[in-house]
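Colleague: Next up is a structure, given as structure tokens.
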């Protein structure tokens, strides 16, 4: 049981599990890529009184978790599939995290903890973990980003990259409303377009814009008209850098 739990936590944190068949630890399943690591973490989980928080803390504080997703020639030569986790796996955020991240950067996320679940809608600004999920009628936005069906068990989420996902960021009322809120937040947080662009990059990407990104942003805003900042915020929210974990 401890190995199964460790494997699922690892899958969630790295996008790939130590045992790539998380629902099958038997003879017909995949072999662990690092059996000693799996056993060590299983023992640690038991020693820590089955505390998932302690297990997650130990993993995320490791050099392995904090490694970059950059592929070096040496790593590609020795471990092209990253089975030994010499680097982090580049992966897209889950459906819930995408929605929560958009709400968070726009300043609209309701931080309240607990309480009854509610259907997702324009007035629901709480974390997606508190959303009411129907068994027979799935929420369309979450399903678009590979949220699993509530009618069956799912050992691992599929990850797709389809045109409808990009169209969501172009046409969704949710994205447009949050982009407007983000633009208003940036206007309050920093003076001038240059300062607001820097604030936007810090907020969404955790870094400063490059000189080219700064110039492109200023050109876009100068030509964008009255809705320039909303459109610019929408572009940033729609970017791969915002949606993918490096």
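In this note's numbering, the protein residues as written are 120 to 365. Glycine residues also receive a C-beta, built at the ideal position from the N, C-alpha and C atoms. Values in this document were obtained by computation on a predicted structure and should not be read as measured data.
Can you find the residues in the same chain that come closer than 6 Å, C-beta to C-beta, to residue 245, ignoring five residues on each side of it along the sequence?
Modeller: Within the same chain, residue 245 has close Cβ partners 229.
Colleague: Residue 215 and residue 247 - do their beta-carbons sit closer together than 7 Å?
Modeller: Their beta carbons are under 7 Å apart, which means residue 247 touches residue 215 by this criterion.
Colleague: Expressed to the nearest angstrom, what Euclidean distance is found between the alpha-carbon atoms of residue 204 and residue 335?
Modeller: Taking the straight line from one Cα to the other gives about 36 Å.
Colleague: Grouping DSSP H, G and I as helix and E and B as strand, with all else coil, what is residue 266?
Modeller: It is coil, neither helix nor strand.
Colleague: Give the single residue among 364, 125, 207, 258 whose Cα lies nearest to the Cα of residue 169.
Modeller: Taking only the C-alpha atoms, the option nearest residue 169 is 125.
Colleague: Using a 10 Å radius around the Cβ and a threshold of 16 neighbouring Cβ atoms, would you call residue 365 buried or exposed?
Modeller: Answer is exposed; the Cβ neighbour count stays below 16.
Colleague: Per DSSP, which one or two residues make a beta bridge with residue 250?
Modeller: DSSP, once it has assigned bridges, lists 237 as partnering residue 250.
Colleague: Give the single residue among 292, 158, 179 whose Cα lies nearest to the Cα of residue 221.
Modeller: Minimum Cα distance to residue 221 is reached at 292.
Colleague: Looking at the secondary structure, which residues open and close the alpha helix (DSSP H) in which residue 172 lies?
Modeller: That run of the alpha helix (DSSP H) goes 171 to 179.
Colleague: Residues in its own chain within less than 7 Å of residue 304 by CB, not counting five upstream and five downstream?
Modeller: Closer than 7 Å at the Cβ level, and outside the excluded window around residue 304, lie 225, 226.
Colleague: If you measure between the beta carbons of residue 267 and residue 256, is that distance less than 7 Å?
Modeller: No, Cβ-Cβ distance for residue 267 and residue 256 is not below 7 Å.
Colleague: Which residues in the same chain have their Cβ closer than 6 Å to the Cβ of residue 129, if we skip the five residues on either side of it in sequence?
Modeller: Excluding positions up to five away in sequence, the list reads 136, 137.
Colleague: Less than 6 Å between C-beta atoms, sequence neighbours within five positions excluded: which residues of the same chain meet that for residue 210?
Modeller: Closer than 6 Å at Cβ, skipping near neighbours: 134, 364.
Colleague: On the DSSP bridge assignment, give the partners of residue 364 in chain order.
Modeller: In DSSP, residue 364 forms a bridge with 210.
Colleague: Using a threshold of 7 Å, state whether the C-beta atoms of residue 317 and residue 327 are closer than that.
Modeller: Yes. Within cutoff.
Colleague: What is the residue span of the alpha helix (DSSP H) that residue 148 lies within?
Modeller: Residue 148 -> no alpha helix (DSSP H), and no H or E assigned at all.
Colleague: Pairs of beta-carbons, one from the segment 343 to 362 and one from the segment 283 to 300, closer than 8 Å: are there three or more?
Modeller: Because the criterion of three Cβ pairs below 8 Å is met, the segment 343 to 362 and the segment 283 to 300 touch.
Colleague: Helix, strand or coil, according to DSSP, for residue 256 in the structure here?
Modeller: Of the three classes helix, strand and coil, the one that applies to residue 256 here is coil, per DSSP.
Colleague: Are the beta-carbon atoms of residue 239 and residue 213 separated by less than 7 Å?
Modeller: Not a contact, by the Cβ cut-off of 7 Å.
Colleague: Quick check on residue 198: does DSSP put it in helix, strand or coil?
Modeller: Note: residue 198 maps to coil in three-state DSSP.
Colleague: Quick one: what's got a C-beta closer than 7 Å to residue 402's C-beta in the same chain, skipping five residues either side?
Modeller: For residue 402 there is no data in the structure shown, the boundaries of the chain being 120 and 365.
Colleague: How far does the alpha helix (DSSP H) with residue 154 in it reach, from first residue to last?
Modeller: Residues 154 to 166.
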